[in-house]
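Counting from 0, one number per residue, gives the positions in the sequence shown under numbering that gives the first Met the number 0. Glycine is no exception: its CB is placed at the ideal position from the N, C-alpha and C atoms. Values in this document were obtained by computation on a predicted structure and should not be read as measured data.
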Amino acid sequence: MSGLTVTGTTITPIAVKDPPLLNSVGVHQPFALRSIVEVHTNAGITGLSEAYGDDPTLANLRAAAAALVGLDAFDINGLGRRVALALGQVTPDSPTELVGAPSVAKTVASTVSAFEVALFDAQGRALGRRVCDLLGGAVREAVPFSGYLFYKWAGHPGQEPDRFGAALDPDGIVAQAKWLVDTYGFGSLKLKGGVCPPDEEIAAIRALRAAFPDHPLRLDPNANWTVQTSHHVAGELDGVLEYLEDPTPGIPGMAAVAARTSLPLATNMCVTSFEDVPDGIAQGAVQIILSDHHFWGGFRASQKLAGICETFGLGLSMHSNTHLGLSLAAMTHLAAATPNLTYACDTHSPWQTEEVIEPGAVRFVDGTVPVPPGPGLGVTLDRDALARLHEQYRECGVRHRDDITPMRVVHPDWTGKRPRF
Ligand code: GKR
Ligand code: MG
0 MSGLTVTGTT
10 ITPIAVKDPP
20 LLNSVGVHQP
30 FALRSIVEVH
40 TNAGITGLSE
50 AYGDDPTLAN
60 LRAAAAALVG
70 LDAFDINGLG
80 RRVALALGQV
90 TPDSPTELVG
100 APSVAKTVAS
110 TVSAFEVALF
120 DAQGRALGRR
130 VCDLLGGAVR
140 EAVPFSGYLF
150 YKWAGHPGQE
160 PDRFGAALDP
170 DGIVAQAKWL
180 VDTYGFGSLK
190 LKGGVCPPDE
200 EIAAIRALRA
210 AFPDHPLRLD
220 PNANWTVQTS
230 HHVAGELDGV
240 LEYLEDPTPG
250 IPGMAAVAAR
260 TSLPLATNMC
270 VTSFEDVPDG
280 IAQGAVQIIL
290 SDHHFWGGFR
300 ASQKLAGICE
310 TFGLGLSMHS
320 NTHLGLSLAA
330 MTHLAAATPN
340 LTYACDTHSP
350 WQTEEVIEPG
360 AVRFVDGTVP
370 VPPGPGLGVT
380 LDRDALARLH
390 EQYRECGVRH
400 RDDITPMRVV
410 HPDWTGKRPR
420 F
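Below, the structure is given as structure tokens:
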């Protein structure tokens, strides 16, 4: 092969329909934003990836893209240098406050990630090998995912009920879990909490335990509880949950909760970049870190995080935000090549009714996603869908993730301030 050099990139923002899923900040908007990144090379091979699609993310992606022409597609270290230089002292911004505080390092990392994934896809296509093979080889050929439960309204205000229905009490949550387990075969369940008063969420977990005696259960209130409330819930659910995720804000708060429970604490909010790791470990704030290649800096950074977790005896799980099949493929390759990923990964996939890749390559089988067999990520863009979803982006007017404003339609005094309980 006579080199694989970047000749240009195409970044296409898209909007996908999203149901009214409730969380500690508020409620999902009717549309979620993603961007589809295509990195073109001199060999006629194009690498793909999927990233956040809000305005600041797009501005960073475009600024960095201009600096990538001429880059050797195998030079991932060079990618990091070029992106850092192109972004300079970028203004920190976060696509959602549900993945921790913004920082310059995280903004650079998420920009690197978007291109790194596409470069690995291009490498794999050029070599005829899967991305997981380039990441050290698959230690599992099918990656387990957990069923992600949300309190939700029947439909967005003023719209017809959606196909998923309402879930606002323990019965609704159990019915939703039955749908997820029956349809996808998920072998573990995670409830997005921080929505109802904590005792109602404890009741929902107990109802899930009764309905699914053998399913590991997780609860994630996205830092919406005080330390005191967290102690109460941890006491009630010790021995019931496999882990409790981000009960309270910040490393010191999490450490105070951890000090009084044997329930493992997990995070995608207080340890979200390498800068946070020393303090998080020194304070004993968390026992499990949820990796996410989108904001930790891509595949190689996520493997570095896995090494840190192994060294310090921490568990490793995988976080998700609203995403489509290209991200799911990337998550699957990474998880397949990460030996110490000890928990089923999160995914929002069942909540998406629109897709940007051609069907077939990424699918759920018995709660797992088998690694796509084709070269690279093993997926193909559906060009018609891309055009339609881009048009939807142009028309919908949403340019940032904002879970507070749509909540005010129903609760005019809503602030989204945490901890609320
Ligand atoms: O989609 O509402 C949501 C979730 O709350 C998401 O934004 C979180 O980042 O799933 C995430 C989490 O585990 O915290
Ligand atoms: Mg979480």
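Beta-carbon spacing of residue i, residue j below 9 Å
i      : j      : result
Ala328 : Gly186 : no
Phe294 : Thr266 : no
Tyr150 : Leu57  : no
Ala72  : Val38  : yes
Val5   : Gly69  : yes
Gly79  : Ala336 : no
Pro197 : Val226 : no
Val180 : Leu216 : no
Leu264 : Val285 : yes
Pro29  : His155 : yes
Ile44  : Gly297 : no
Gln88  : Val111 : no
Ala64  : Val364 : no
Val355 : Gly377 : no
Ala450 : Gly249 : No answer is possible for residue 450: it lies beyond the span of the chain, which begins at 0 and ends at 420.
Pro212 : Thr228 : no
Ala254 : Gly234 : no
Leu190 : Ala203 : yes
Gly415 : Val24  : yes
Ser319 : Tyr183 : no
His292 : Leu236 : no
Cross-strand partners of residue i (DSSP beta bridge)
i      : result
Arg259 : None; Arg259 has no bridge partner.
Pro423 : This structure leaves residue 423 out entirely; the chain is present only between 0 and 420.
Glu394 : None, per the DSSP bridge assignment.
Pro369 : Ala141
Gln287 : Note on identity: in this sequence residue 287 is Ile, with Gln being the wrong assignment. Answer by DSSP bridge pairing, in chain order: Ala265, Gly314.
Ala50  : Ser34
Tyr147 : Lys189
beta-carbon residue i near the ligand MG non-hydrogen atom, thresh 8 Å
i      : result
Leu21  : no
Glu241 : no
Glu244 : yes
Asp278 : no
His318 : yes
Asn221 : yes
Leu134 : no
Leu97  : yes
Leu84  : no
Leu289 : yes
Residue i Cβ short of 8 Å to the ligand GKR heavy atom set
i      : result
Asp345 : yes
Asn267 : yes
Asp92  : no
Lys191 : yes
Asp402 : yes
Phe149 : yes
Thr321 : yes
His231 : no
His293 : no
His27  : yes
Minimum Cβ-Cβ distance from residue i to chain C less than 9 Å
i     : result
Thr95 : Structure shown: chain C not included; a single protein chain is present.
Are the segment 152 to 172 and the segment 322 to 341 touching by the rule of at least three beta carbon pairs closer than 8 Å? No, they do not touch.
Report the start-end ranges of each alpha helix (DSSP H) in the segment 80 to 143 that is 4 residues or longer and not cut off at the edges. Within the segment 80 to 143, the complete alpha helix (DSSP H) runs of at least 4 residues are 103 to 126, 130 to 133.
Scan the segment 317 to 388 and note each continuous beta strand (DSSP E) run of 3 residues or more that stays entirely inside, going in chain order. 367 to 369
Across the segment 390 to 402 and the segment 2 to 18, are there enough close Cβ pairs to call them in contact, namely three or more that are closer than 8 Å? yes
Three or more C-beta pairs under 8 Å: does that hold for the segment 51 to 65 against the segment 91 to 100? yes
contact_flag[the segment 361 to 375, the segment 168 to 176] where n(CB pairs < 8 Å) is 3 or more: no
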